[in-house]
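Below is one structure, written out as structure tokens; the observations come after it.
Residue numbers (UniProt numbering), protein chains in the order written: chain A, 1 to 146; chain B, 1 to 146; chain C, 1 to 146; chain D, 1 to 146.
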């Protein structure tokens, strides 16, 4: 898989590291390509819904971050990204060793960028698509990240 | 506000208590009415995005659970609820002392139930709508909750 | 119901009259308020799906226009409105003498405006909510309308 | 491109022919494959919005039908298809000689089927993605089509 430029990868990783939620869930970035970012989330009791599967909120959280950073890889310096909206279909019970969310840019733009969101459940060699979505993001003048 | 029947409130609360994610985020149910459930989430570094606001994933997680349980209050015993899909618009930076997600049933149904999702940021007396969404849920034969 | 200013109503009506699709479907504006527009569509064989109900596409078309013009009532002169995206749930078979789509602004903004979309089926005195949706619109510098 | 079985193609075409809206817009089916249906709509003043582009409602109408029939190709006999909901992003001004909507099944199911919706604007050899969406459909016992 193609890697994004080093400077871009650093910018994405640094921003991700400031997302308290991602660390708290136990998520980490596993790939940063131009217009595509992967985020993985291991199975833990802390991310479940009432039947023991991954909670739709956990699935959505990593999908939202993956899409946001996929867009961010294409943004110029000194800009920031915010989610305008997203829609996600939960296709199958989210069970497995871990989830992998893939955010990929469908349509970049100076103001708005549209991403596809896909989440797979991974167990050993097996990969099941468990959620698919679509997201709209906006590029804004950078505000200081804290 | 109208309360749901005691048996319903117990059923919702018991299911909520099995959602590892809600406890891990620090969320709690603050109201269970017939067709309407509120969930609150205090501000903590563990639920933030890169600018220090509530992460869209945290906002979506409590919105998804609030809508799911709003539907569940209208379901018969020995059934369970799963999210089919939801769509959410993030309207404003989610900052405040806490978030309150309100899930309310727009259209109940034997198979599918449609909910409105609203999330407010609360600081002292001030209440700001920071997200609004729509959700489709499906009623299924109960599977044992673990 | 509150009416929008005369100048605004004229601007909305003039733009609506340039929408070839609305005339072709037989739709007309029935109300223009500040941040809220109603569009009505009588039942005709030309707007049906395979069971004789209103087609989801017809329902969506008037919902999209109602939301777009609801946003447009709040825009300054020499700007134009485009739909970024919308999501709609079809809640019940769309049958009746006519449909009424109500677009109303949830959150106005300089760049993006978010609207609620509701569509009712009307037969005599009876009114049934048959679709509900959410829409994101963008304000752009006016391009000449043709 | 793979064709669906003859019996399936006939069933889809017959249902499409009962959709008054599709004929009224001037749309026709150009491909029926297993889990994938294409619908084309030529440019005409009757399907425009206020700037002379294809109206988002026209775009959505053929996208909705394409997705619905894509699902329908996988349904057993004596069943029918209804749209539960869809979400669509309008990516670029919809201008060209004609539109081609492609509905394709992402996840088939006994009750619910999820489709991807894509709409391209075609001018000569040029093809531009102008809309992308996601749709949830439900399989129901057949009701007599009229």
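Each residue gets a CB set at the ideal place from its N, CA and C atoms; glycine is no exception.
Check, Outcome
"Residue-chain proximity (residue 111 of chain A, chain D), Cβ-Cβ < 8 angstroms", "no"
"Continuous beta strand (DSSP E) assignments of at least 3 residues falling wholly in the UniProt domain \"Thioesterase\" (51-125) of chain D", "79-90, 98-107 and 112-123"
"Rounded straight-line distance, which links the Cα of residue 40 of chain A to that of residue 31 of chain A", "9 angstroms"
"Residue range of the beta strand (DSSP E) that includes residue 33 of chain D", "28-33"
"Own chain partners of residue 49 of chain D with C-beta closer than 6 angstroms, once the 5 adjacent residues on each side are dropped", "55"
"Three-state secondary structure assigned by DSSP to residue 146 of chain D", "Because residue 146 of chain D carries a pLDDT of 48, less than 50, the predicted location of this residue cannot be relied on, and the following value inherits that uncertainty. Coil at residue 146 of chain D, not helix or strand."
"Residues within the stretch 20-50 of chain C neighbouring chain D, beta-carbon criterion of under 7 angstroms", "20, 21, 24, 45, 46, 47, 48, 49 and 50"
"Cutoff 8 angstroms: residue 88 of chain B Cβ touching any chain A Cβ", "yes"
"Rounded C-alpha distance that separates residue 37 of chain C from residue 22 of chain C", "14 angstroms"
"Neighbourhood of residue 146 of chain B by C-beta distance below 6 angstroms, restricted to the same chain and skipping five residues each side", "Only weak support exists for where residue 146 of chain B lies, its pLDDT of 49 falling under 50; the value from the coordinates is given anyway. If we look at residue 146 of chain B and ignore the five residues flanking it on each side, it has no Cβ neighbours."
"CB contact check: residue 84 of chain A to chain C, cutoff 8 angstroms", "yes"
"Beta-carbon spacing of residue 34 of chain A, residue 73 of chain A below 8 angstroms", "yes"
"Exposed unless 16 or more other CB atoms sit within 10 angstroms - verdict on residue 149 of chain A", "Here chain A covers residues 1 to 146 and nothing more, so residue 149 of chain A does not appear."
"Short CB-CB distance (under 8 angstroms) between residue 132 of chain C and chain B", "yes"
"Closest by C-alpha distance to residue 44 of chain A, when choosing among A:85, A:95, A:127 and A:1", "A:95"
"Cα-Cα separation, residue 121 of chain B to residue 102 of chain B", "11 angstroms"
"Interface residues of chain C facing residue 151 of chain D [CB-CB closer than 7 angstroms]", "Any answer about residue 151 of chain D is impossible in this case: the structure gives chain D only from 1 up to 146."
"Beta-carbon spacing of residue 29 of chain B, residue 86 of chain A below 8 angstroms", "no"
"For residue 135 of chain D: DSSP bridge partner residues", "D:86 and D:115"
"Cβ distance (whole Å) where residue 67 of chain D is taken to contact residue 115 of chain D below 8 angstroms", "4 angstroms"
"Terminal residues of the alpha helix (DSSP H) in which residue 10 of chain A lies", "6-17"
"Cβ-based neighbour list, residue 60 of chain B, same chain, cut-off 6 angstroms, excluding 5 preceding and 5 following", "88"
"Opening and closing residue of the alpha helix (DSSP H) in which residue 22 of chain D lies", "20-25"
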